[in-house]
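Below is one structure, written out as structure tokens; the observations come after it.
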């Protein structure tokens, strides 16, 4: 358009006509858009997309013979059938090494997490046998190390303690744990089968960071019991109750041996980790340090008979394979609903941890695990786990990192680990009799710093203040109230954020970028210049609806009035606003309240002798405006772009040519 | 750009260089945007805008002398001081006529609505005295007729009956009503003073339509008691309970006189209304028909002594002016919290009705009432009302329409009406002794059709199916459960709609409109053509956040994979997608989860040897992407428009020139 001045003046009229025709044609494009898909059609599409697997593999197989169909179905459910064909001895060597490293870290951690879940130590070991084996044949993530984890163990005990005291009635408490595990597995499998994975997204990244940090603090506080050898402890998890319990126990005579033993081995583990981080080749030191600590401390206690001097020890651990526990599941009684609710929370938290760690490792290796298959695999491993004396298992942050560093190639490392745990259950449980409880506490404590990500907290603060609010909301909720309240706070703040941003949208005033036909926000682009006599607004929301339509309308009306008052002092006749253009490019949808507001705005502008024009409306918006006859009411002033709206409204003067 | 072919080939290189420079400069505009205002700044701005009146009249007065400041403040609070200076005798003549017409409709309605609120009839008349007078000096809407209304009366009795039975303990019930009225007034005034008017917006247009229709049905059902002369009736309002009560009473002996009397006068009122609608000059017939019915029926009963034959009559009505009721307010006891809650609900519903009717009449007359001043006026009139034996008053749909048709010019018509009611309270209450209750029922029934707007329901269905859901949700909630549940359903569905639309945004694929540099949705504009080798997506949401980021990422990844598979059959080398452009023009904000998703998308595309470019990001989005170093990660490929992104990414071939 800028080059039109160079063309002979005789052609100007022709050009103007051509331009007018062009403008008319383009406006027709907007107004003659086909009807958008209706609500039912959209719902159907959404359901189809949600339930059918991507690429519709099942559908495309319809014409193939039955056996091939079955084979393909099996391959879908058990990915191991696909990759095991290319599995070679060199890969197995790596997996064997990774699996053994993993087992050396897993055994002490499992025993520790079982005590955190208020179960007998062997239940932690059981949980490191069956779930990893099932995940190995069903899972799609290669590096995930399956087993008990700290946060889930804490959640389990903190929520189930309210229903049954594990000290008073350990068997009935264990029944509740197994039933909850079953429910968690059912929910996880259902999420995967019905493709409800988006439910896991409701815990935002920021709130997970805050939640994990809070959980680490709470877990650390719980370890004070083992580390200080306190007998009478609180069942609550918040910082105030725990510190009160610790202070109260300070009045009782206490034994410093536990503390000294725990702290010295904690320092040992932390130093090995530091060394492992400085020198990547020493990462195995970090992995086996807990096992070394257990062996050394057990030997020390055994040789010095320190248990007679007040050092608390693990005592008897049941050996042997996982006992069947189907008969322990309880589906009657008044607690079932509550157990299902706890199962749901555990399912979501467990999936969140596993998916977060699985995805971050997979993205380093450059592949993409299938979220829905992952959920089905975790669901089945927990359902089968609940039949074989396991509690809720998931992918562990710390052990998955070790597995990855140890160079694992496939889920075979999980199989190796499970077999190693089985062997220890059969042979070595008796050797753990003299293991001091303070060592278990220090092993758990040593895994906690990995849950606190201060760097990410700083990032969140820098990038998004409202995200930070969700993050510290979750943190303080977990630390000062309870784990559940922390989760609730995180979800509430996150959704409140969405609603607040939707109901209080800004309206921005647009100006023309020099040398272009583009109209941009004048604050974002200081080079943009406003055109006198015309006001261009853009609504900063995807939805003009009951909750924000009046706000937007009043804001625009006030702006128009102020602009005219402001101009009054200058040459009024020429400069007063005559056209208001609404750039609707960011508006995806509008409802009846929104249309009513636009009609009020139009009446207001009309009674003040101004024109209202609409530029670049989206599909649904233009359709609804047409249906509501709003397009007719504003005289069909709907245009493809802001500049065309301007040209058309100011055309008698041809101001912009 | 299209004209470049006409220019000599020697200049092509120069032009290309120039274009490249231009592109670079424009990309710099995007990247060098100033920092957007922080959260604190935005909160401050929002608070300032919310609390300070528009135009900052108070602030601009600072330099003026004190007396003028006070005068201006008074004019702000009492708009009557401004307009009464130009008030002329001709205007008063119109207002007098309108006020008298209004009074003739108001007196029978007030008595009827008082019985609906389970109060003695005189309380309806009291409510038609003080609130209209106060509104007349403080309100900004000229046509609003203030007094008791059907929906508020129903809400009041249905919610307070649960706390105290009006049959058993009428005095204590009245105390509750007055206290609730006080709370409602306080909330309304607070909404206005703190500019919280947006809270009223939370009842969407569609849900108000449904709610009002449901309330009309429920009110109509309640009138069956008076119309059939039933003694034992239910306290519940849902259709099932009421019909049960009616059926049960059918077994008792009942008196058909009530029914015949009520129905015949109901027909009379409806016929006069029909005539008034056909012939605009007969509108006064509609206005005085209720009064004529009362007078005629009272005469009939008095002359025939029908009350001795089972026709129920009003009996004694206390005459005289509003008694002071300050001592009846109760601010102690366990019910205060509940009363405040009910007061809040009533405040919102009353404001919703008044604002809806005030705004719609004002927009016909071409002025705009000040929402916040309206709320303050209504708040004060209800607070003072609660001190003078009035219950919650607001602007009535039916009477405001009559006031408008009668040609009122200002709130003086409300004053005339109030004075007329005072005169009747002083002189005529004794004459109402024989007024049959069935007539009151038929007067209420005759006002109900105005609350049911089937035409608007059809419109809502046509325009927005989700709005329709909120509408019928409110309707069925009110009719089948209770008024509160109906309101709750409406608000819940409306907000669920916002959340659903935010968390399930579509992603649309864009194509170039022929002859332009514009890229539009290929389904909306069938003329748009896709460019081979490049995929352009636009996210249909204002917020890329935790709840939708993964969904969007997976959808784009799937689309990219499908597109490449599809192209595989054709000449692959040339046509495979090499660039993915994200048009971020509709994205207003992004959070840390959203950025994490974009990073995953980038890694995925990178490992598949595709480039990711970003076009026209908004202010906050580009700022956050810069802070999170995402701009560096994608090699600074951020552009002002889609076409520039395309040109830059395909530049080695200069494909588009």
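Chains as they are written, first to last, in the working numbering: chain A, 285 to 941; chain B, 285 to 941.
Note that beta-carbon positions come from the ideal geometry of N, C-alpha and C, so glycine has one too.
C-beta contact flag for residue i and residue j at 8 Å
i             : j             : result
residue 821/A : residue 867/A : yes
residue 636/B : residue 501/B : no
residue 887/B : residue 647/A : yes
residue 794/A : residue 926/A : yes
residue 632/A : residue 433/A : no
residue 277/A : residue 883/A : Chain A is shown from 285 up to 941; residue 277/A falls before or after that span and cannot be answered.
residue 767/A : residue 499/A : yes
residue 681/A : residue 735/A : yes
According to DSSP, residues forming a beta bridge with residue i
i             : result
residue 674/A : According to DSSP, residue 674/A bridges with nothing at all.
residue 897/A : 865/A
residue 828/A : 874/A
residue 805/B : 794/B
residue 720/A : 597/A
residue 923/A : 899/A
residue 813/A : 796/A
residue 431/B : 678/B
Inter-residue spacing [alpha-carbon to alpha-carbon] between residue i and residue j
i             : j             : result
residue 392/A : residue 575/A : 6 Å
residue 809/B : residue 318/A : 8 Å
residue 924/A : residue 311/B : 24 Å
residue 520/A : residue 622/A : 18 Å
residue 341/B : residue 839/A : Any reading at residue 341/B must be qualified, since the residue scores a pLDDT of 46, below 50, and its modelled position is unreliable; the value itself is stated next. Between residue 341/B and residue 839/A, the C-alpha separation is close to 17 Å.
residue 457/A : residue 665/A : 21 Å
residue 451/B : residue 401/B : 12 Å
residue 486/A : residue 332/A : 22 Å
residue 377/B : residue 428/B : 18 Å
residue 844/A : residue 818/A : 10 Å
residue 387/B : residue 879/A : 36 Å
residue 343/B : residue 478/B : Bear in mind that the predicted position of residue 343/B carries a pLDDT of just 45, short of 50, making it too unreliable to give a figure here.
residue 857/A : residue 816/A : Residue placement at residue 857/A cannot be trusted, given a pLDDT of 49 that sits under 50; what the coordinates show is reported in the next sentence. If I take the Cα positions, the gap works out to 12 Å.
residue 423/B : residue 686/B : 18 Å
residue 345/B : residue 358/B : Because the pLDDT at residue 345/B is just 46, under 50, the model does not fix this residue reliably, and the value given afterwards should be weighed accordingly. Distance between the alpha carbons of residue 345/B and residue 358/B: 13 Å.
residue 313/A : residue 784/A : 35 Å
Beta strand (DSSP E) segment containing residue i, residue limits
i             : result
residue 822/A : 818-823
residue 692/A : No beta strand (DSSP E) holds residue 692/A; DSSP gives it neither H nor E.
residue 613/B : That residue, residue 613/B, is in no beta strand (DSSP E); it is neither H nor E in DSSP.
First and last residue of the uninterrupted alpha helix (DSSP H) at residue i
i             : result
residue 955/B : No statement about residue 955/B is possible, as the shown extent of chain B runs from 285 to 941 and does not include it.
residue 508/A : 489-512
residue 543/A : 540-562
residue 643/B : 620-649
residue 458/A : 454-477
residue 396/A : 373-400
residue 406/B : 405-411
residue 422/B : 414-422
residue 577/B : 567-588
residue 356/A : 350-361
residue 742/A : 738-747
Cβ-heavy atom distance, residue i to the ligand COA, below 7 Å
i             : result
residue 767/B : No copy of the ligand COA appears in this structure; indeed no ligand is present at all.
query: Can you list, in chain order, the residues of the segment 770-783 of chain A whose Cβ is nearer than 7 Å to any Cβ on chain B?
result: 778, 779, 782 and 783
message: Give me the subset of the segment 877-893 of chain B whose CB atoms are less than 8 Å from a CB atom of chain D, sorted by chain position.
response: You won't find chain D in this structure, because its protein chains are A and B.
- request: Determine which residues of the segment 721-751 of chain A have a Cβ less than 9 Å from any Cβ of chain B, and write them out in chain order.
  value: 740, 743, 744, 746, 747, 748, 749, 750 and 751
- request: For the segment 301-325 of chain B, enumerate the residues whose C-beta is nearer than 7 Å to any C-beta of chain A, in chain order.
  value: 313, 317, 318 and 323
query: Going along the segment 797-811 of chain B in order, which residues come within less than 9 Å of chain A, judged by CB to CB distance?
result: 797, 799, 800, 801, 802, 804, 805, 807, 808, 809, 810 and 811
field: Positions along the segment 473-486 of chain B whose CB lies within less than 7 Å of some CB in chain A
entry: 482, 485 and 486
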